[in-house]
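Notes for the one structure printed next.
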Amino acid sequence: MSALLTQKAGMSSAEPASDLQQYAALPWRIDRDGFLEVLLVTSRRRGRWTVPKGWQMKQRSGSQSAETEAFEEAGVVGRIDDKPIGSFRYSKRRDDGTFDPCFVTIFGLHVQGTLHSWPEKSQRKRRWMKIAQACEVAGEPTLAAFLGTLKPTSAECRS
Numbered sequence: 002m003s004a005l006l007t008q009k010a011g012m013s014s015a016e017p018a019s020d021l022q023q024y025a026a027l028p029w030r031i032d033r034d035g036f037l038e039v040l041l042v043t044s045r046r047r048g049r050w051t052v053p054k055g056w057q058m059k060q061r062s063g064s065q066s067a068e069t070e071a072f073e074e075a076g077v078v079g080r081i082d083d084k085p086i087g088s089f090r091y092s093k094r095r096d097d098g099t100f101d102p103c104f105v106t107i108f109g110l111h112v113q114g115t116l117h118s119w120p121e122k123s124q125r126k127r128r129w130m131k132i133a134q135a136c137e138v139a140g141e142p143t144l145a146a147f148l149g150t151l152k153p154t155s156a157e158c159r160s
C-alpha cells in the first residue's frame, strides 16, 4: 500500500507505554474502474465497522500477525507491507465490561484473493468501499481519522 497511499503529515505514531499493542491489516485493491477500495469488517460483538486486527502471535512479526488476522476475519489473502502505514488508538471492551486502551499499528495488505469461505465468516460481515465511505462508517472515531489521512498517490487511483 505504501506505493499507492501515503499518510498526510502531522499524524503521530508514538505508542504510549500503558497501551496494549495490536496489529491490523488494511486490505486494499484497485476496482475495475481504477478506483482504490479498502475492505472493512464488522466486530463480532457490536457489529461496528473496523479493520481486521488482533494481538501479536507467537514467533510472528506485527505484519505477519496482521496478515493472519486479515485471513481469519476477512477471508482475504495477498501481499502485506513490512512497514506500517499508520496507527490509531481505541478502547477495547473486555468480557467483564472494563476497557483497555489499545494502540493499533496498521499494515497495508494488497489483496490478491478473496475467499468464499473463511474462519470467521459466520461471525462477521465484510465490505469493499472507497476511503470516503470507510471514514463515514468506521466504528471508532480514531480509525475514521486515520482513514481520513490517507491519500492516493498513484496515477491509477482517481478517487
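Here the sequence shown is numbered in the working numbering, starting from 2 and rising by one per residue.
No residue lacks a Cβ here, since even glycine has one placed at the ideal position from N, Cα and C.
Note that the coordinates shown come from a computational prediction; the quantities given were computed from them, not determined experimentally.
Nearest to residue i by CA position, among the options, is which residue?
i	options	result
S62	Y24, R49 and G48	Y24
K131	S123, S118, K152 and Q60	K152
L40	A133, A146, E137 and R128	R128
Q134	P120, G149 and Q124	G149
W56	D20, D32, R46 and S123	D20
Q22	D32, G79 and V105	V105
I31	L110, K126, F147 and Q124	L110
K84	F100, D101 and I107	I107
R80	L37, W29 and E121	W29
I'd like to confirm the pairing. Which residues does DSSP put opposite residue i in its beta bridges?
i	result
C103	L21 and Y91
K126	Per DSSP, none; premise fails for K126.
F108	A26
So, residue i versus residue j, is the Cβ gap smaller than 8 angstroms?
i	j	result
S66	D82	no
A71	A26	yes
T43	R95	no
Verify the contact flag: residue i, CB atom, against every heavy atom of the ligand SAM, threshold strictly below 7 angstroms.
i	result
G87	With respect to small molecules bound, the structure shown includes none, and the ligand SAM cannot be examined in it.
When the cut-off is 8 angstroms and only beta carbons count, does residue i lie next to chain E?
i	result
P85	Here there is only one protein chain, and chain E is not present.
Any 3 or more C-beta pairs closer than 8 angstroms across the region 140–150 and the region 91–111: In short, these stretches touch, since the Cβ pair count reaches three.
Contact between the region 72–81 and the region 113–129: three or more CB pairs below 8 angstroms? In short, these stretches touch, since the Cβ pair count reaches three.
Where are the beta strand (DSSP E) runs, 3 residues long or more, that stay fully inside the region 44–91, in chain order? The region 44–91 contains these whole beta strand (DSSP E) runs: 77–81.
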